[in-house]
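In the working numbering, the protein residues as written are 1 to 202.
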């Protein structure tokens with residue numbers, strides 16, 4: 001499969017996802033023969049959305065294999081594992097995601113085609129939840145206190161609420177990401193559309 005075909009299918013998948021046609025989008029993405037880390041991530045997100053947790057986990061495995069620095073893929077795999085009640089594995093992935101944040105308050109993925117900013121306080125929130133779920137309350141409290149130092153805005157009060165819950169030894173809500181997918185660069189897609197138009201014009 002040529003790079004051109006890959007980008008065309010990628011763009012078709014995104015268009016389907018924008019229409020909330022999740023299964024159609026998945027068909028476009030899974031039809032790509034040599035998927036990149038971003039495509040595998042997209043497949044994982046759609047599988048997660050469709051509650052196909054084991055397949056979502058495998059897709060995120062592939063995404064991470066192709067780009068081991070992609071913090072958001074570790075975070076999403078952690079969410080998948082947590083929802084599948086694999087709490088120790090989820091904890092490891094949330095910690096890996098935190099390590100890949102490299103001390104930054106957030107990572108803005110817009111330049112890579114993902115309309116999302118992953119915040120360290122979100123990652124630590126889920127680290128704390130995984131600890132709390134396996135009854136490691138002290139570690140959960142430490143993670144949330146660390147999260148307070150990474151808060152980016154006043155509305156990040158989910159950290160405060162989680163800390164209140166932990167102090168009562170109560171569980172709290174898992175933070176999940178909105179359904180945003182990696183998109184091909186518009187410039188490249190526009191060039192392909194221009195080529196198609198010129199080809200038809202001939």
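Every residue, glycine too, gets a C-beta built ideally from N, C-alpha and C. Just so we're clear, the structure is a prediction, and the values are computed from it rather than from any experiment.
Given residue i as reference, the closest of the options once Cα atoms are compared
i	options	result
residue 98	111, 110, 78, 87	78
residue 91	132, 36, 19	132
residue 25	181, 191, 185	181
residue 134	17, 85, 145	85
residue 49	32, 153, 110, 20	20
residue 141	15, 152, 167	167
residue 169	128, 102, 42	128
residue 150	165, 121, 130	121
residue 62	80, 109, 36, 87	36
residue 100	87, 111, 110, 118	118
residue 153	105, 22, 34	105
residue 174	102, 137, 164, 80	80
residue 130	162, 47, 23, 12	162
residue 88	34, 12, 164, 136	136
residue 38	164, 139, 112	112
Residue range of the alpha helix (DSSP H) that includes residue i
i	result
residue 48	37–49
residue 3	3–18
residue 149	137–149
residue 161	158–167
residue 53	53–66
residue 24	22–30
residue 91	87–100
residue 134	Unbroken run through residue 134: none, as it is neither H nor E.
Whole-Å CB distance - residue i paired with residue j, under 8 Å assumed
i	j	result
residue 54	residue 94	The pair is not a contact, with the Cβ atoms about 19 Å apart (cut-off 8 Å).
residue 73	residue 64	5 Å
residue 178	residue 10	With 8 Å as the limit, residue 178 and residue 10 do not qualify as a contact, their Cβ atoms being about 20 Å apart.
residue 45	residue 66	The pair is not a contact, with the Cβ atoms about 15 Å apart (cut-off 8 Å).
residue 30	residue 43	6 Å
residue 148	residue 159	6 Å
Straight-line Cα distance separating residue j from residue i
i	j	result
residue 116	residue 28	22 Å
residue 60	residue 82	14 Å
residue 144	residue 96	16 Å
residue 68	residue 32	21 Å
residue 2	residue 146	46 Å
residue 188	residue 17	19 Å
residue 7	residue 109	19 Å
residue 4	residue 191	10 Å
residue 124	residue 114	21 Å
residue 23	residue 52	12 Å
residue 200	residue 186	At residue 200 the pLDDT is 48, less than 50, meaning the model places this residue with poor confidence; the figure from the coordinates comes in the next sentence. In a straight line, the C-alpha of residue 200 is about 21 Å away from that of residue 186.
residue 103	residue 75	16 Å
residue 34	residue 57	18 Å
Residues that DSSP places opposite residue i in a beta bridge
i	result
residue 117	108
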